[in-house]
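Let me begin by presenting the structure, written as structure tokens, before commenting on it.
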Amino acid sequence: MASYQITLKDRTTEQIDGADAYQQEGQMTTFFCTASGRNVVDTWSTRVASFRTSELVAIRRIASSEVDSDSTFGLVAPLRTA
Numbered sequence: 130m131a132s133y134q135i136t137l138k139d140r141t142t143e144q145i146d147g148a149d150a151y152q153q154e155g156q157m158t159t160f161f162c163t164a165s166g167r168n169v170v171d172t173w174s175t176r177v178a179s180f181r182t183s184e185l186v187a188i189r190r191i192a193s194s195e196v197d198s199d200s201t202f203g204l205v206a207p208l209r210t211a
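In the working numbering, the protein residues as written are 130 to 211.
So this is what it looks like as structure tokens:
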């Protein structure tokens, strides 16, 4: 199962574990765990987390193998401005 790493406007990061997909729902971006064997968000999907879309700067999908093998995953470099 994949995870997502999001970066917020205040440059903090959050990791959402157990989410297979995300989509915008009104003013919120919601992360979902989809039903086994399904590749779509539908009525069988479970909401895992929601964030105000206007507060999100970046969303990065992280494959489970990358989380397991990356020993520096918890270290996140600060964003640079142009």
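The beta-carbon is built from N, C-alpha and C at its ideal position, and this holds for glycine as well.
Given this structure, state the Cα-to-Cα distance separating residue i from residue j, to the nearest angstrom.
{"i": "K138", "j": "V186", "result": "6 angstroms"}
{"i": "V169", "j": "T163", "result": "7 angstroms"}
{"i": "S179", "j": "S193", "result": "21 angstroms"}
{"i": "I135", "j": "I191", "result": "11 angstroms"}
{"i": "I188", "j": "I145", "result": "10 angstroms"}
{"i": "Q153", "j": "G166", "result": "22 angstroms"}
Grab me the residues of residue i's own chain with a C-beta within less than 6 angstroms of its C-beta, minus the 5 sequence neighbours each way, in chain order.
{"i": "E184", "result": "L137, K138"}
{"i": "S174", "result": "F161, T163"}
{"i": "D171", "result": "none"}
Going along the chain, which residues of its own chain have a beta-carbon closer than 7 angstroms to the beta-carbon of residue i, five neighbours each way excluded?
{"i": "R181", "result": "Q156, M157"}
{"i": "V177", "result": "I145, G147, A148, F160, F161, C162"}
Excluding the five sequence neighbours on either side, which residues of its own chain have a C-beta within less than 8 angstroms of the C-beta of residue i, listed in chain order?
{"i": "A131", "result": "A148, D149, R190, I191, A192, S193"}
How about residue i and residue j: do their beta carbons lie closer than 8 angstroms?
{"i": "V142", "j": "Y151", "result": "The question names Val, but residue 142 is Thr in the sequence shown. No, Cβ-Cβ distance for T142 and Y151 is not below 8 angstroms."}
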